[in-house]
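Shown next, in the form of structure tokens:
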């Protein structure tokens, strides 16, 4: 699974129609350790810019990331 | 290339108009522009319609001849331009190009959007189609959340504060309160602006522009023929359109809009002016952070300084360089396909000294910046006295 750092994030309260029942939820742009960026949903604990995150299960082709537990900051 | 002038401009009020349909709004703006130029419709040689999503908002496509024929303009090329929220800015750019190139002499641009017949959640979904629906939008983002991520990163990199964002909202609401055609004529305090209902952190309801119905229209002609139509012509000094990635995650740095920088550079060069010579501006404040980033990308202030620049009052109605004297998208309203043409209308009004209570003091050179999506399209127009 991919890992990376949070480049930016937001918590969405006013959701589009298809996501209304899930609000509030967090999305982020993640800079991947292997290069490139991806827009993802954040599972579990809220994250902040520069937090290390790892990919967890995807849903409907949408990548989900979670805060890396106790992991040292990646280079 | 021929010099081009705006010979007529017209605009509807912006707001929520349950009794009005898309075509009637477009026709009202168009007729006002024709009247302003004292021009019969049959003299229009080419017609451009800026519209983002008539098909999704009201279930009507093939909109350019649908509107032009209702205005009595028939037989000529009628072309719809879609470039998200920069649709009618782009339509204006293409109309200008046609006149500048000598293909046609009298060209009309109408921008229109009818949004309020849909729920806010559905509007968010339709607007999201201007983002990358295979990635960022599939993850549940909205335009507010994309701009929220821009704001977060801007705060992280430059120390921009929520108070800076709120100052943009307070200023634009104060200006909009003086605009009889604005959607929301309501003065707000900094405290109110800081404590609105959250939309996407760090943006709240006061950081977001309005969902509106409305239309605006302008008519262009070669500068050398402008006197045939009006003694109040306004000259297009410089104009450019530029593009960039649609998806925010493809951009190297989301705290700046390369398309704004590129379009501005070309427009400044064509006009032969520097950013310092711009006396007033209408900037695309779809969200408060967008006005802050635009003022940096246009060279009104340094990189990262847009927050304090807005907060210190430089951009207020009586500041050194008023920004969004009309109230901006924030208070005037944001019927997305109409916004670019409405910005041109606002510049024309100011340059002709017809802006009433919100008239800016120095009004010979004004700039409009019309942004599509999260920066994938930008049109910068610089207008001045003919």
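Residue numbers (my numbering), protein chains in the order written: chain A, 1 to 75; chain B, 1001 to 1386.
Just so you know, even glycine gets a beta-carbon here, dropped at the ideal spot from N, CA and C.
Does the distance from the C-beta atom of residue i to that of residue j stay below 9 Å?
i, j, result
"residue 1398/B", "residue 1169/B", "Not covered by the structure: residue 1398/B. The range shown for chain B is 1001 to 1386."
"residue 1317/B", "residue 1095/B", "no"
"residue 1280/B", "residue 1308/B", "no"
"residue 1067/B", "residue 1003/B", "no"
"residue 1384/B", "residue 1365/B", "yes"
"residue 1340/B", "residue 1177/B", "no"
"residue 1306/B", "residue 1164/B", "yes"
"residue 1212/B", "residue 1149/B", "no"
"residue 1285/B", "residue 1313/B", "no"
"residue 1044/B", "residue 1073/B", "yes"
"residue 1225/B", "residue 1386/B", "no"
"residue 1077/B", "residue 1046/B", "yes"
"residue 1071/B", "residue 1030/B", "yes"
"residue 1241/B", "residue 1093/B", "yes"
"residue 27/A", "residue 7/A", "no"
"residue 1014/B", "residue 1374/B", "no"
"residue 1020/B", "residue 1049/B", "no"
"residue 2/A", "residue 47/A", "no"
"residue 1203/B", "residue 1184/B", "no"
"residue 1097/B", "residue 1217/B", "no"
By alpha-carbon positions, which one of the options ends up nearest to residue i?
i, options, result
"residue 1239/B", "1028/B, 1158/B and 1090/B", "1090/B"
"residue 1377/B", "1354/B, 1259/B and 1264/B", "1259/B"
"residue 1005/B", "1268/B, 1223/B and 1314/B", "1223/B"
"residue 1348/B", "1233/B, 1069/B, 1138/B and 1283/B", "1233/B"
"residue 1251/B", "2/A, 39/A, 5/A and 33/A", "39/A"
"residue 1152/B", "14/A, 49/A and 15/A", "49/A"
"residue 1111/B", "1010/B, 1059/B, 1045/B and 1069/B", "1010/B"
"residue 1181/B", "1035/B, 1255/B, 1166/B and 1331/B", "1331/B"
"residue 1052/B", "1040/B, 1127/B, 1117/B and 1065/B", "1127/B"
"residue 1254/B", "1229/B, 1179/B, 1268/B and 1289/B", "1289/B"
"residue 154/A", "69/A, 42/A and 18/A", "The requested residue 154/A is not part of the displayed model; chain A covers only 1 to 75."
"residue 1391/B", "1024/B, 1107/B, 1056/B and 1142/B", "The displayed coordinates of chain B run from 1001 to 1386. Any statement about residue 1391/B would go beyond what the structure contains."
"residue 1200/B", "1179/B, 1276/B, 1287/B and 1244/B", "1287/B"
"residue 1205/B", "1225/B, 1193/B and 1382/B", "1193/B"
"residue 62/A", "1140/B, 1276/B, 1220/B and 1129/B", "1140/B"
"residue 1099/B", "1145/B, 1016/B and 1001/B", "1001/B"
"residue 10/A", "1282/B, 1143/B and 1357/B", "1143/B"
"residue 1057/B", "1028/B, 1245/B and 1122/B", "1122/B"
"residue 1324/B", "1336/B, 1065/B, 1245/B and 1179/B", "1179/B"
"residue 1249/B", "35/A, 12/A and 44/A", "35/A"
"residue 1267/B", "1298/B, 1218/B and 1054/B", "1298/B"
"residue 1104/B", "1219/B, 1272/B and 1343/B", "1219/B"
"residue 1136/B", "29/A, 45/A and 5/A", "29/A"
"residue 1054/B", "1335/B, 1343/B and 1344/B", "1335/B"
"residue 1134/B", "1272/B, 1207/B, 1247/B and 1278/B", "1247/B"
"residue 1190/B", "1198/B, 1172/B and 1166/B", "1166/B"
"residue 1283/B", "1304/B, 1171/B and 1230/B", "1171/B"
"residue 1379/B", "1038/B, 1244/B and 1228/B", "1244/B"
"residue 1120/B", "1208/B, 1159/B and 1187/B", "1208/B"
Interface residues of chain D around residue i at Cβ under 7 Å?
i, result
"residue 1199/B", "Judged by its chain identifiers, the structure shown contains no chain D, and its protein chains are A and B."
Provide the residue span of the alpha helix (DSSP H) that contains residue i, from first to last.
i, result
"residue 1068/B", "1063-1068"
"residue 1055/B", "1054-1058"
"residue 1258/B", "1258-1271"
"residue 1093/B", "1087-1100"
"residue 1049/B", "No alpha helix (DSSP H) contains residue 1049/B, which is instead part of the beta strand (DSSP E) from 1046-1050."
"residue 1190/B", "1190-1194"
So the beta strand (DSSP E) residue i belongs to, where does it begin and stop?
i, result
"residue 58/A", "Taken as a continuous stretch (DSSP letters only), residue 58/A belongs to no beta strand (DSSP E), as it is neither H nor E."
"residue 1113/B", "1107-1114"
"residue 1393/B", "Residue 1393/B is absent from the structure shown; chain B starts at 1001 and stops at 1386."
"residue 1077/B", "Looking at the DSSP string, residue 1077/B is not in any beta strand (DSSP E), and its letter there is neither H nor E."
"residue 1208/B", "Looking at the DSSP string, residue 1208/B is not in any beta strand (DSSP E), and its letter there is neither H nor E."
"residue 1011/B", "1004-1011"
"residue 37/A", "37-43"
"residue 1016/B", "It is not in any beta strand (DSSP E) - residue 1016/B carries neither H nor E in the DSSP assignment."
- Message: To be precise: take each residue of the segment 1123-1135 of chain B, compare its Cβ to all Cβ atoms of chain A, and keep it if any distance is under 7 Å. Which residues remain?
- Response: So the close ones are 1124, 1125, 1128 and 1135.
- Could you name each continuous alpha helix (DSSP H) segment of 4 residues or more that falls completely within the segment 1292-1375 of chain B, going from the start of the chain to the end? With a minimum length of 4 residues, the continuous alpha helix (DSSP H) runs that stay inside the segment 1292-1375 of chain B are 1306-1311, 1328-1331 and 1339-1351.
- Going along the segment 1140-1154 of chain B in order, which residues come within less than 8 Å of chain A, judged by CB to CB distance? So the list reads 1140, 1141, 1142, 1144, 1145, 1148, 1149, 1150, 1152 and 1153, given in the order they occur along the chain.
- Just list the alpha helix (DSSP H) runs in the segment 1101-1179 of chain B, keeping only unbroken ones of 4 residues or longer that don't cross its boundaries, in chain order. Within the segment 1101-1179 of chain B, the complete alpha helix (DSSP H) segments at least 4 residues long are 1120-1128, 1143-1158 and 1162-1176, listed from N- to C-terminus.
- Message: Any C-beta of chain B within less than 8 Å: which residues of the segment 58-72 of chain A qualify?
- Response: Listed by position along the chain: 60, 61, 62 and 63.
- Task: With 8 Å as the limit, tell me which residues of the segment 1270-1286 of chain B have their beta carbon closer than that to any beta carbon of chain A; keep them in chain order.
- Result: Look at the segment 1270-1286 of chain B: it has no residue with a C-beta under 8 Å from a C-beta of chain A.
- May I ask you to list, following chain order, the residues of the segment 1226-1260 of chain B that have a beta carbon less than 8 Å from some beta carbon of chain A? Cβ contacts with chain A: 1247, 1248, 1249, 1250 and 1254.
- Item | Proximal residues, the segment 40-60 of chain A versus chain B, C-beta separation under 7 Å | Hits within the stretch, in order: 40, 41 and 49.
- Item | Residues of the segment 1155-1167 of chain B whose Cβ lies closer than 8 Å to any Cβ of chain A, in chain order | Those residues of the segment 1155-1167 of chain B that come within reach of chain A (Cβ to Cβ, closer than 8 Å) are 1156.
- Just by C-beta distance, which residues in the segment 1325-1339 of chain B are closer than 7 Å to chain A? Those would be none; no residue qualifies.
- Proximal residues, the segment 1110-1123 of chain B versus chain A, C-beta separation under 8 Å: Of all residues in the segment 1110-1123 of chain B, those with a C-beta nearer than 8 Å to a C-beta of chain A are 1119, 1120, 1121 and 1122, reading in chain order.
- Query: What are the residues of the segment 1024-1040 of chain B that lie near chain A, defined by any Cβ-Cβ distance shorter than 7 Å?
  - Reply: From the segment 1024-1040 of chain B, no residue has a Cβ closer than 7 Å to chain A.
- Scan the segment 1218-1255 of chain B and note each continuous beta strand (DSSP E) run of 3 residues or more that stays entirely inside, going in chain order. Fully enclosed beta strand (DSSP E) runs of 3 or longer: 1234-1243.
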